[in-house]
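**Student:** Pasting in a structure now, in structure tokens, and then I'll have a few things to ask.
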Amino acid sequence: GTKDKKYKRILLKLSGEELMGEEGFGIDPKVLDRMALEIGQLVGIGVQVGLVIGGGNLFRGAALHEAGMERVTGDHMGMLATMMNGLAMRDALDRNNISARVMSAIPMSGVVEHYDRRTAVRYLASGDVVIFSAGTGNPFFTTDSAACLRGIEIGAEIVLKATKVDGVYSADPMKDPSATMYTRLTYDDALQQKLGVMDLTAICLCREHDMPLRVFRMSKPGALLSIVVGGDEGTLIEE
Ligand code: UDP
């Protein structure tokens with residue numbers, strides 16, 4: 003028979019870079035399509051999916067600032083980038099017959115709906131994927147923090163952070179071949195060791211509200227589905 007889901011409602015965080023695929027900038031439509039299908043599998047077994055997408059494939063405030071731009075303006079551009087990614091993802095979901103909505107922390111009337119928690123929860127309960135764009139709406143935050151914030155607000159049971167590596171390692175596995183992957187960490191471990199998995203604001207928020215976090219590799223086929231049926235992919239961060 004069909005596999006039983008472990009979670010009824012999740013918040014999935016995809017980084018903007020994830021959407022780039024092999025390209026150095028922008029959005030790779032093949033990657034977008036593959037992700038849409040994987041998200042569709044979750045919807046298919048009745049999981050409610052909230053989605054936060056980053057903007058690092060287009061703009062990051064900190065990088066723009068390094069190049070001389072005023073930081074808050076750069077962050078505004080970064081947040082607009084997440085809106086573009088959100089629209090692209092909605093389009094890919096639509097094309098695959100997966101019903102989706104984009105809500106934005108920054109109002110952009112006529113393009114996306116303004117974020118409203120109760121409306122979002124209604125959409126989720128009716129089976130729509132809800133893409134939360136424009137991060138938290140505030141400069142100096144990241145979409146990791148936005149993911150944890152929205153996850154807590156909508157009552158998700160877990161925040162899943164998709165990365166390019168299998169999970170959280172003792173050191174950077176790209177640089178240090180002796181690095182080992184943790185299967186489980188406490189919030190305090192993750193904060194103290196500054197393992198660079200997620201920004202500290204995001205981890206603190208999860209600790210404060212007992213929101214479990216799982217870091218996994220999205221490009222591993224079937225990993226996402228495996229997690230929602232109770233699989234032990236990647237690294238779980240909890241109390
Ligand atoms: N950003 C922001 N406030 C938020 C979320 C994002 O100002 O609440 C800006 C910030 O400049 C950030 C950019 O949007 O660099 C893109 O988000 P992020 O770097 O988190 O994207 P990712 O690394 O996940 O692709």
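Each residue of the sequence shown is one higher than the one before, counting from 3 in UniProt numbering.
Ideal Cβ placement from N, Cα and C applies to all residues, glycine included.
Could you name the residues of the same chain whose beta carbon sits closer than 7 Å to that of P109, not counting the 5 residues immediately before and after it, in chain order?
**Tutor:** H116.
**Student:** State yes or no: is the C-beta of T84 within less than 9 Å of the C-beta of G18?
**Tutor:** Closer than 9 Å, so yes.
**Student:** Do you know offhand how far V114's Cα is from S180's?
**Tutor:** If I take the Cα positions, the gap works out to 46 Å.
**Student:** Under the rule that 16 or more other beta-carbon atoms within 10 Å means buried, what is D77, buried or exposed?
**Tutor:** D77 is buried by the Cβ-count criterion.
**Student:** Looking at the secondary structure, which residues open and close the beta strand (DSSP E) in which M105 lies?
**Tutor:** Its beta strand (DSSP E) spans residues 102 to 106.
**Student:** Around the Cβ of M220, are there at least 16 other Cβ atoms within 10 angstroms (buried) or fewer (exposed)?
**Tutor:** So M220 ends up on the buried side.
**Student:** Check for me: the alpha helix (DSSP H) holding M80 runs from which residue to which?
**Tutor:** Here the sequence assigns Gly to residue 80, which means Met is not the residue at that position. 73 to 97 is the extent of the alpha helix (DSSP H) around G80.
**Student:** Quick check: does the Cβ of K166 come within less than 8 Å of any heavy atom belonging to ligand 1?
**Tutor:** Flag unset: Cβ of K166 not near ligand 1.
**Student:** Just tell me which of N98, G42, L82 has its CA closest to the CA of G52.
**Tutor:** That would be G42, whose Cα lies nearest to the Cα of G52.
**Student:** So which residues put a beta carbon under 5 Å from any heavy atom of ligand 1, going in chain order?
**Tutor:** The filter returns S17, G18, G56, G57, G58, R62, G63, D77, G80, M81, G137, T138, P141, F143, T144, T145, A148, in chain order.
**Student:** When DSSP labels each residue in this structure, what does Q50 get in the three-state scheme?
**Tutor:** In the structure shown, Q50 sits in a strand (DSSP, three-state: E or B).
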